[in-house]
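Scroll down for the structure; my scribbles are underneath it.
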Amino acid sequence: MTQHLTIEQMRDIAVAALEDIKGEDILVLDTTKLTAMFECMIVASGSSNRQVKALANSAREKLKEAGAEILGMEGDVSGEWVLVDVGPLIVHVMLPAVRDYYNIEQLWGGQKPTFNPTRPWEAAIQAHDDPQV
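Heads up, this note's numbering is the position in the sequence shown plus 110, with the first residue counted as 1.
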């Protein structure tokens, strides 16, 4: 049964879930004045494809356990950029190089973190083409 959670409760649960799995550069953006599609966006980084997937899965599972309705999850096959859609809350978890390239924080009015990626873009592209990397 779906329990009604406030956006603040969902945000806090998602951030705690990301922190539990050592998510990096966690940023919370209030999007209420920018769009009617959702109220809050969380962006975080993971140091590997496996960690990105684990971070997104942790956020999804903790929110679901608390009674939030998970509308969808995209990108969990490759693990470069995983999106968890909880309706009023969107969680983006990305590899640092992917996050740096797309810079979605700036699109939504946030401050872009400074990255010192350990994997150059060529490695991210190669990982996309060859999932064994």
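C-beta: ideal position from N, C-alpha, C; glycine also.
These numbers come from a predicted model, not from an experiment.
Sorted by chain position, which residues of the same chain lie with C-beta nearer than 7 Å to residue i's C-beta, five sequence neighbours on each side aside?
i           : result
residue 232 : Since pLDDT at residue 232 reaches only 48, below the 50 mark, its modelled position is unreliable, and the value read off the structure follows with that caveat. Same-chain partners within the cutoff: there are none.
residue 116 : none
residue 189 : 159, 160, 162, 163
Report yes if the C-beta distance between residue i and residue j is below 8 Å; otherwise report no.
i           : j           : result
residue 184 : residue 193 : yes
residue 164 : residue 201 : no
residue 128 : residue 176 : no
residue 150 : residue 181 : no
residue 138 : residue 123 : no
Going by other Cβ atoms of all chains shown within 10 Å of its Cβ, with 16 needed for buried, is residue i buried or exposed?
i           : result
residue 125 : buried
residue 204 : buried
residue 214 : buried
residue 147 : exposed
residue 208 : buried
With distances taken Cα to Cα, identify the nearest neighbour of residue i among the options.
i           : options            : result
residue 162 : 206, 195, 171      : 206
residue 191 : 160, 172, 173      : 160
residue 120 : 137, 214, 187, 172 : 172
residue 157 : 148, 138, 132, 216 : 132
For a test of your reading of the model: does the CB of residue i fall under 7 Å from any non-hydrogen atom of the ligand MG? Yes or no.
i           : result
residue 159 : No copy of the ligand MG appears in this structure; indeed no ligand is present at all.
Taking 8 Å as the CB-CB limit, is residue i close to chain C?
i           : result
residue 192 : This model lacks chain C altogether; it includes just one protein chain.
Note down, in chain order, each residue of its chain lying with its Cβ closer than 8 Å to the Cβ of residue i, except the 5 sequence neighbours on either side.
i           : result
residue 186 : 163, 166, 167, 192
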